[in-house]
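Below is one structure; the comments refer to it alone.
Residue numbers (our numbering): 79 to 283.
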């Protein structure tokens with residue numbers, strides 16, 4: 079069962095997320111604007127302790143355009159969320175900038191025809207967008223989430239590296255690169271072992 083349908087059938091949308099109900103049946107023809115702020119409380123409730131998003135501050139502008147019994151939703155999201163760094167697990171601030179579309183139609187029962195088309199019962203005449211907003215935010219976060227060079231929690235990185243096989247050629251192994259850079263500043267230039275081996279060879283004229 080899709081999370082949206084689960085929320086509807088269990089009544090969660092009536093409680094914690096009632097403010098995200100859009101009364102479609104009562105909307106007149108034309109465009110209507112709704113504004114929301116997704117804060118720490120929202121992300122705590124929607125994630126139920128299982129989401130990587132720890133907190134956030136995301137502004138949402140929603141424009142709903144009604145044409146007969148069809149509704150076009152245009153979402154504009156801007157803000158910042160906090161997620162764990164893949165390398166050191168400390169909080170990492172990630173910018174959220176997203177524009178998304180959703181089309182809603184009246185029908186006999188709840189169904190999701192696709193990722194962008196939702197059918198809701200006409201006799202109920204409303205839709206809750208809380209979970210859709212969470213999906214839009216989640217999809218805007220990059221798969222690779224790491225601090226900039228030198229910004230990771232070095233103590234935590236050291237502990238994790240003891241339990242993680244690292245590839246010296248991996249561009250993600252920035253902490254190792256940072257350590258090399260520190261050695262260079264201290265005058266401890268790392269040497270290439272291949273050249274070190276050549277130094278031991280005696281070349282006779």
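We treat Cβ as the ideally placed atom computed from N, Cα and C, and that holds for glycine.
| Check | Outcome |
| --- | --- |
| Got a sec, what are the start and stop residues for the beta strand (DSSP E) residue 205 sits in? | 204-206 |
| Indicate the three-state DSSP secondary structure (helix, strand or coil) for residue 97 in the structure shown. | helix |
| If we ignore side chains and look at the alpha-carbon of each, how far apart do residue 227 and residue 99 end up? | 43 Å |
| Per DSSP, residue 144 forms a beta bridge with which residues? | 108, 149 |
| Alpha carbon to alpha carbon, how far is residue 195 from residue 178? | 12 Å |
| Counting C-beta neighbours from all protein chains within 10 Å, is the total for residue 96 16 or more, i.e. buried, or is it exposed? | exposed |
| On a CA-only basis, which of 138, 215, 122 is nearest residue 132? Give me that one, please. | 122 |
| Three-state secondary structure (DSSP) at residue 186? | coil |
| Suppose contacts are defined by Cβ-Cβ distances below 8 Å. Is residue 182 in contact with residue 219 by that definition? | no |
| How is residue 213 classed by DSSP in three states: helix, strand or coil? | helix |
| Apart from the five residues just before and just after residue 214, which ones in its own chain have a Cβ nearer than 7 Å to its Cβ? | 153, 155, 176, 178 |
| Here's the rule: buried if 16 or more other CB atoms are within 10 angstroms of the residue's CB, otherwise exposed. What is residue 235? | buried |
| Count the other C-beta atoms from every protein chain shown that fall within 10 angstroms of the C-beta of residue 145, then say buried if there are 16 or more, exposed otherwise. | exposed |
| Residues in the same chain with beta-carbon distance under 6 Å from residue 149, minus the five sequence neighbours each way, listed in chain order, please. | 102, 142, 182 |
| What is the DSSP secondary structure of residue 124, reduced to helix, strand or coil? | helix |
| Would you kindly check if the distance between the Cβ of residue 200 and the Cβ of residue 184 is under 8 Å? | yes |
| What does the alpha-carbon distance come out to for the pair residue 115 and residue 136? | 6 Å |
| Locate the beta strand (DSSP E) running through residue 220, then write down its first and last residues. | That residue, residue 220, is in no beta strand (DSSP E); it is neither H nor E in DSSP. |
| The beta strand (DSSP E) with residue 199 in it runs from where to where? | 195-199 |
| Considering only the alpha carbon of each residue, which of 166, 197, 222, 111 lies closest to residue 229? | 166 |
| First and last residue of the alpha helix (DSSP H) that includes residue 132? | Where residue 132 is concerned, there is no enclosing alpha helix (DSSP H), given that its DSSP letter is neither H nor E. |
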